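Chains as they are written, first to last, in the working numbering: chain L, 2 to 292; chain V, -7 to 314.
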Amino acid sequence: MSIRFSFGGDEHIFAEVSEDMSLEAFFTSLSMTNAVRAAGIKGVTEICPANASFQIKFDPDRIKPGDLLKELQSMEGAASKSDATLKTRIMEIPVLYQDPWTHETLMRFRERHQNPNATDLEYAAEVNGLGGVDDFIKAHSSQPWFVSMVGFVAGLPFLYQMVERKRQLQVPKYLRPRTDTPKLTIGHGGCFSCIYSVRGAGGYQMFGVTPMPIYDPSQKVNYLQDEMCLFKPGDIVKWKPVTRDEYDAAIEAVEENRFEPVIRAASFSLTEFNKDMAGTNAKLMEALHGR
Amino acid sequence: MAVNVITPGLSTTVQDLGRPGYYHLGIPLSGGMDRFALRAANMLVGNDEGAAVLEAVFMGPELEFTSAATVAITGGDLPPKVNGDERPTWEAFPVKAGDRLSFGYLKSGARAYIAISGGVDVPVKLGSRSTYTLGALGGHEGRALKAGDSLSLGKGAGGKGIIPANLRRQPGNPAELRMLPGLYWHRITAEAGRQFFADTWKVAPEADRIGYRFKGGTALDFVPREQPFGAGSNPSNIVDACYPYGSIQVPGGTEPIVLHRDAVSGGGYMMLGCVISADMDLIGQLQPHSPARFVEVTMDQALAARADRQAALARLRAHLGR
């Protein structure tokens, strides 16, 4: 895999590891950005890993664009050889699928959708050749997902499903983006799921909502007092379908600031995962449930 | 020491030079869209160049001062009035306790910067007082001002001076936005690239702190390819990637969008390159429907233009004896 570098104006270098999404591309992006951070290159102001690419922002008054480019290119060999093992976290995100709020929103924007006569979940089940909504929810929530990028808006995670490519759920984005998406909507576009951290525009299909805040600019939520954004690239997520009663109980806990998210330490090896996906995911579930 | 907001204007926000360092979390740079004008306003009232000011777009607020202060308005030509009497732009003027600052109709440009001696003293969030409204972060309660708000001011000695027209900057007609092609430029045909620079575009109504959309040019022809896994089916789709500040994305290949200070930090549309740092201030002064062209430059030309802007800032400092 050879990285394609390109200048983004006079203040950015953009690096495309691969045109296609894959965990290999993500790991190369993550190890390159970690190496750039560790190198402490003068004039580098932002280091942003993404799904299969990354971006470096720099101050051209402090480092010549060409010099920085050479420095990044010199790191490429080491990054692609590095062992793709990650000390990370696994967390459980409760999801109320087929909730009333995303349903109300998706009905308002039906004319922007591929299939105005079906809900987003019905459409997603159909285009993935699954029997129905329940089968789709099972496929969506049974295996863990990898946070391969944080961005778009503050704290929004992009999630990549940890299954063989042929089993990955793929759904087109809306034909035209909506102007509204409820806060904490679980969305999906292309091969990525996401959690909309704030209310706003969006083009991903809407499947449900989580009661669990993931971004808190006021830093009052007990688990967001140190970092206002919950997610980091490399985190692993397991969706947990919940009932309306469980959702309401979680909302009450959030409002009283006593909601405790399930977050456990975990390690992840890409080599192990590629050898045995089911076994690796089972071990992650053990880590999550403390067994 | 405070200002009370009598009427808020269209969308008036607290801004400083911005909040770099958090783009990897999706938190954009924020800060004034015309940072040259923001610095100039602060210099006139004796503040640090990066003190927090108010950025008003298209329509000014009405403000009441609870103590004496020095004020300066720069950027777009939004004529200030004190108790109904006109004051000049690009010039420091005093106000007394109880005075009301209001504005006439915008004559040119799009955004005015209202600097007050001592600076607007809202809490610093992640190193900046700038407002990021989409994320409800920074500024005054993370949002645009509303009637009834009261903003604290810092302590400032005040300043004086006038910035003459030859030391200001405003976009031409059409505005010429210099751009370095790159990023996913190779995805469009050579003819589409030539036409992109030949066309005169118009600023669309969807033009705000997140980005400026342009319309009226020719739709892009893409180089055919099988879409990569995870990218999406439209030829303008890519596997979601970071969007640089100033990058020009073209969803569906039709209307380019230049991302600005409150940029969405990433997404799945290809980008043609970036408007160079020297010309980002100009975009903040473009009104909807105004014409603009993209002008191709090399990296060397981009760096020379950047040096020119720094020289212009140095002349401003020298002129005001700073």
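Beta carbons are placed, not taken as given, at the ideal position from N, Cα and C, and that holds for glycine. Please read these numbers as outputs of a predicted model, since none were measured by experiment.
CB-CB length for residue i against residue j, believed under 8 Å
i        : j        : result
V/Arg103 : V/Gly238 : No, V/Arg103 and V/Gly238 are not in contact; Cβ-Cβ is about 17 Å, not under 8 Å.
V/Val250 : V/Val267 : 6 Å
V/Ser122 : V/Arg11  : 6 Å
L/Asp60  : L/Gly44  : 5 Å
V/Asp69  : V/Gly101 : 6 Å
V/Arg161 : V/Phe28  : 6 Å
L/Phe137 : L/Ala125 : 6 Å
V/Phe221 : L/Met22  : 6 Å
V/Lys117 : V/Pro71  : Actually they are not in contact, since the Cβ atoms of V/Lys117 and V/Pro71 sit about 33 Å apart, beyond 8 Å.
L/Gln171 : L/Asn129 : 7 Å
Nearest to residue i (by Cα), restricted to the options the options
i        : options                                    : result
V/Asp113 : V/Gly174, V/Gly131, V/Val63 and V/Tyr176   : V/Gly131
V/Glu128 : L/Glu261, L/Asp68 and L/Arg200             : Per the sequence shown, the amino acid found at residue 128 of chain V is Ala instead of Glu. The shortest Cα separation from V/Ala128 among L/Glu261, L/Asp68 and L/Arg200 belongs to L/Arg200.
L/Glu239 : L/Met108, L/Thr211 and L/Gln226            : The identity of residue 239 of chain L in the sequence shown is Lys, whereas the question assumes Glu. If we check each option's Cα against that of L/Lys239, L/Thr211 comes out closest.
V/Thr2   : V/Ala43, V/Phe50, V/Ser269 and V/Met25     : The sequence as given places Leu at residue 2 of chain V; Thr does not occur at that position. Looking at the Cα atoms, V/Phe50 is the closest of the given residues.
L/Asp121 : L/Tyr175, L/Gln162, L/Leu73 and L/Asp60    : L/Tyr175
V/Asp191 : V/Leu175, V/Thr62 and V/Leu169             : V/Leu169
L/Asp277 : L/Asn258, L/Met163 and L/Ala202            : L/Met163
V/Ala297 : V/Asp271, V/Ala33, V/Val287 and V/Leu305   : V/Asp271
L/Glu123 : L/Trp102, L/Tyr98 and L/Asp21              : L/Tyr98
V/Ser282 : V/Ala303, V/Val195 and V/Pro71             : V/Val195
V/Ser94  : V/Val(-3), V/His311, V/Asp254 and V/Asp213 : V/Val(-3)
L/Glu25  : L/Ala36, L/His114 and L/Tyr161             : L/Tyr161
V/Gly174 : V/Pro236, V/Phe85, V/Gly140 and V/Leu159   : V/Pro236
V/Thr210 : V/Asp141, V/Gly245 and V/Ala182            : V/Gly245
V/Arg135 : V/Ala310, V/Gln7, V/Arg309 and V/Val74     : V/Gln7
V/Ala310 : V/Pro248, V/Pro156 and V/Ala167            : V/Pro156
V/Leu9   : V/Asp273, V/Gln293 and V/Arg307            : V/Asp273
L/Tyr248 : L/Phe15, L/Pro101, L/Ala279 and L/Ser75    : L/Pro101
L/Phe55  : V/Asp40, V/Ala48, V/Leu55 and V/Leu17      : V/Leu17
L/Glu93  : L/Glu261, L/His104, L/Ala279 and L/Ser270  : L/Glu261
V/Leu212 : V/Ala223, V/Glu247 and V/Gly224            : V/Glu247
V/Val287 : V/Pro166, V/Asn39, V/Gly119 and V/Ala48    : V/Pro166
Test item: CB-CB of residue i and residue j under 8 Å
i         : j        : result
V/Val87   : V/Ala64  : no
V/Leu145  : V/Met35  : no
V/Leu30   : V/Val45  : yes
L/Gly156  : L/Cys230 : yes
L/Phe147  : L/Ile237 : yes
V/Gln318  : V/Asn229 : Since the first residue shown for chain V is -7 and the last is 314, residue 318 of chain V is missing from the structure and cannot be characterised.
V/Ala185  : V/Trp193 : Note on residue identity: the sequence assigns Gly, not Ala, to residue 185 of chain V. For V/Gly185 and V/Trp193, no; Cβs fall outside 8 Å.
V/Gly111  : V/Ala43  : yes
L/Ile91   : L/Leu285 : yes
L/Ser30   : L/Ala53  : yes
V/Thr62   : V/Gly150 : yes
V/Ala233  : V/Gly265 : no
V/Met291  : L/Asp11  : yes
L/Ile196  : L/Pro158 : yes
L/Pro234  : L/Pro50  : yes
V/Val(-5) : V/Leu172 : no
L/Thr281  : L/Glu273 : yes
V/Pro0    : V/Pro53  : yes
L/His13   : L/Lys65  : no
L/Arg168  : L/Ala202 : no
V/Asp26   : V/Phe57  : no
V/Ala89   : V/Ala60  : yes
Cβ neighbour criterion (16 or more within 10 Å) applied to residue i
i        : result
V/Ile256 : What sits at residue 256 of chain V in the sequence shown is Val, not Ile. Its Cβ being crowded by 16 or more others within 10 Å, V/Val256 is buried.
L/Arg166 : exposed
V/Ser269 : buried
L/Gln220 : exposed
L/Ser142 : buried
V/His252 : buried
L/Gln206 : buried
V/Arg285 : buried
V/Phe189 : exposed
L/Arg259 : exposed
L/Ala85  : buried
V/Ala107 : buried
V/Thr4   : buried
V/Asp254 : buried
L/Tyr216 : buried
Practice prompt. Decide yes or no for the touch test of the region 3 to 16 of chain L against the region 206 to 224 of chain V: beta carbon pairs closer than 8 Å, at least 3 of them.
Written response: no
Discussion item. If contact is defined by three or more beta carbon pairs under 8 Å, each pair taking one atom from either stretch, is the region 264 to 273 of chain L in contact with the region 184 to 197 of chain L?
Written reply: No, because fewer than three Cβ pairs between the region 184 to 197 of chain L and the region 264 to 273 of chain L fall closer than 8 Å, the two stretches do not touch.
Worksheet item: Is there contact between the region 276 to 289 of chain V and the region 58 to 77 of chain L, where contact requires at least three CB pairs shorter than 8 Å?
Response: No: the two stretches stay apart, fewer than three of their Cβ pairs being nearer than 8 Å.
Discussion item. Count Cβ pairs between the region 211 to 221 of chain L and the region 252 to 261 of chain L that sit closer than 8 Å; are there 3 or more?
Written reply: yes
Worksheet item: Do the region 110 to 117 of chain L and the region 220 to 229 of chain L touch if we need at least three Cβ pairs shorter than 8 Å?
Response: no
Item to complete: With 8 Å as the limit, tell me which residues of the region 227 to 243 of chain V have their beta carbon closer than that to any beta carbon of chain A; keep them in chain order.
Response: You won't find chain A in this structure, because its protein chains are L and V.
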